[in-house]
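Residue numbers (the working numbering), protein chains in the order written: chain A, 1 to 400; chain B, 401 to 687.
In this text, a Cβ means the ideal position worked out from N, Cα and C, and glycines have one as well.
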């Protein structure tokens, strides 16, 4: 009895399996693209806003129009994702796995300066082009020389400090603010590097730093920092800060009444949740990055981002991440094959039409990027860049 | 004076972070390394109630406390009781507990990631300035401090002046002897763990009024809570309260008088000094 049931069962399964495989349409060609970035760990909050949604958006848009157009026909994108837990060792391991086990055709650059730099050697070893976006460092010239497949898109440390110094210098020259600057930074590599770069730049611009302190990452009470800054009677407040402290410093400035006419916090000022939390009080706050929200392509991109991922894009690196994916897409389609060497050469030599405007790499570096943005009427406009059109005039902040 | 008030407010914050872990480690003898994740879960809960239903955090706590109690009781009963049963010594239970809860913290992070996503969450509630002695302080911090005081006083009174609290303290001192005087050790430990988890989750809900959270930030809170619990002495709730306020005052003083960058260094220095002088912590008893 049992044997009869067994035979019938196996027979039925086999027939079903046969129908299943026969019934499938002929599978289109597939192009495998790998991605590794933080989903957990200290940088997860940032990559969840800036990095992953853009990958989802791009893949769904490309696949919706039939896939990447290769000479051999359209190829649908298969995205293989790994969480590196904000650990550079894990990033390297994941890239290795993508290259050797998953055998992907292309790999999207990781998120974060440290993780991109850690992965650069292994990207180079396997010959994958690395169009890094969320990597900001002054070492761009040396790195691009050492790794011919490494590209940078968001700028370097010095440019960010110089743009801000120029804005402040102009405000002082126009008589709108005095030259007393209170500067604080998060005691992490990012904040320390920016503060160190800023000191000589501010001094050369004729600005006087009257309060210069750092605070540990994850400090739960930033009121002593802000109170100390207020006591120094500054005209401008600059914070080289990370997301949790950007929020904390802004909240404390509001409560303690730090009414400077120029208020700058670095990372996460451009995040939608910043506006969500503070509402109208952020009018006039300066921050890192910015976009030109009036450009048609940008408007279309932001709309599609919200529709497909359900989240708002941020006002800085989101669009640049998407632009890097557009560059990859346009290069692969121009070359017409999965030849990584040819694609890399194409990226180096050509200019691309993207959501942030036209991008042409100069020695593997995009030297036209937004450096400072300001919240004006609920939008974080770019107010200073190294060559992008559409900058708005800097407004003064008036209270909270 | 500003430093004193600021220090007390910060101490209240720290007490909210550490009280739950004290109950779990002191009584149930589980060094719960997932404590920070439970705190973040409470914070997420409060955020969800606030943004979805416009429910004030203090009201949300009324819902979060029983939910956290049940979840933590279930964790103790299904995950940790087997470890308790087979541990041949207290030291072995501590090691097993550390390993198990360490793994649990990853599971909790993954769950929160799946449900809420990886982004930062923050909302503004009671973010107005209140002037105490002509200095401005956040109303949300003051409210959290008051709630923290309520928790501290309630727990201290319960543990020292009630029969059930006495049973808890007995289990903390010597589980074997407690069993001999007809205290149900297993049940008491489970209840202590569950109450500890509930206190931590409500602490998270209160802290969410003024701190920014994401799914991965729990580890920072676990580390702070660990220092406070060990500094105050394991098994003594008054020790935790004292250590929390001491740490809050010390950090605020260093931040205001010396350099905000040295707060972490000062905290750990205090930790080392106290342990060198009194290895069992401020209020800890010789075991």
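Inter-residue Cα distance where the pair is residue 24/A and residue 307/A = Here residue 24/A scores only 48 on pLDDT, less than 50, and its place in the model should not be relied on; the value that follows carries that caveat. Computed Cα separation, rounded: 30 angstroms.
Establish whether the CB of residue 40/A and some CB of chain B are separated by less than 7 angstroms.
-> yes
For residue 284/A, the nearest candidate out of 137/A, 264/A, 268/A (CA to CA) = 264/A
According to the neighbour-count rule (16 or more other Cβ atoms, all chains shown, within 10 Å of its Cβ), is residue 472/B buried or exposed?
-> buried
For residue 410/B and residue 481/B, the rounded distance between their alpha carbons | 35 angstroms
Can we say the segment 99-112 of chain A touches the segment 33-50 of chain A, given the rule of at least three CB pairs closer than 8 angstroms?
-> yes
Please report the Cβ distance between residue 184/A and residue 214/A, rounded to the nearest whole angstrom; I am assuming they are in contact, meaning their Cβ atoms lie under 8 angstroms.
-> 7 angstroms
Which full runs of the beta strand (DSSP E) of 3+ residues lie inside the segment 188-271 of chain A, going along the chain?
-> 208-215, 236-240, 262-265
Partner residues on chain B for residue 48/A, Cβ-Cβ distance less than 7 angstroms = 517, 518, 519
How long is the line joining the alpha carbons of residue 335/A and residue 511/B, rounded to whole angstroms?
-> 42 angstroms
Reduced DSSP category for residue 150/A - H, G, I as helix; E, B as strand; rest coil | strand
Run of the beta strand (DSSP E) containing residue 180/A, from where it starts to where it stops | 180-186
Which of the three DSSP states, helix, strand or coil, is assigned to residue 413/B?
-> helix
Which listed residue (567/B, 458/B, 533/B) has its alpha carbon closest to that of residue 580/B | 567/B
Kindly indicate which residue of 516/B, 682/B, 404/B, 426/B has the alpha-carbon position closest to the one of residue 443/B.
-> 516/B
Please work out which residues of its chain come closer than 7 angstroms, Cβ to Cβ, to residue 555/B, disregarding the five sequence neighbours upstream and downstream, and give them in chain order.
-> 419, 637
Between which two residues does the beta strand (DSSP E) containing residue 111/A stretch?
-> Here residue 111/A belongs to no beta strand (DSSP E), and DSSP marks it neither H nor E.
Who are residue 77/A's beta bridge partners in DSSP?
-> 31/A
Between the C-alpha atoms of residue 441/B and residue 427/B, what's the straight-line distance to the nearest angstrom?
-> 23 angstroms
Spell out whether any CB of chain A is found under 7 angstroms from the CB atom of residue 529/B.
-> yes
Quick one: what does DSSP say residue 128/A is sitting in, helix, strand or coil?
-> coil
Answer with yes or no whether the minimum CB distance from residue 536/B to chain A is below 7 angstroms.
-> yes
For the segment 639-646 of chain B and the segment 621-631 of chain B, state whether three or more C-beta atom pairs, one from each stretch, are separated by less than 8 angstroms.
-> yes
Thinking C-beta only, is residue 180/A closer than 7 angstroms to residue 208/A?
-> yes
Three-way DSSP call (helix, strand, coil) for residue 5/A in this model | helix
Closest Cβ-Cβ distance between residue 82/A and chain B: below 7 angstroms?
-> no
Under a three-way DSSP split, which group does residue 444/B fall into?
-> helix
Residue 416/B beta carbon less than 7 angstroms from that of residue 589/B | no
Could you pull out every residue in the same chain whose Cβ sits closer than 7 angstroms to the Cβ of residue 69/A, ignoring the five residues on either side in sequence?
-> 333
Taking Cβ-Cβ distances shorter than 8 angstroms, what residues in chain B pair up with residue 264/A?
-> The contacting residues do not exist; residue 264/A stays about 18 angstroms from chain B at best.
Can you list, in chain order, the stretches of the beta strand (DSSP E) that have 3 or more residues and sit fully within the segment 43-73 of chain A?
-> 68-70
With distances taken Cα to Cα, identify the nearest neighbour of residue 326/A among 290/A, 4/A, 61/A.
-> 61/A
Excluding five sequence neighbours on each side, which residues of the same chain lie with their C-beta closer than 6 angstroms to the C-beta of residue 520/B?
-> 612, 614
Since residue 165/A contacts residue 201/A with CB under 8 angstroms, what's their CB separation in whole angstroms?
-> 5 angstroms
Counting pairs of beta carbons, one from the segment 537-547 of chain B and one from the segment 269-278 of chain A, are three or more of them closer than 8 angstroms?
-> no
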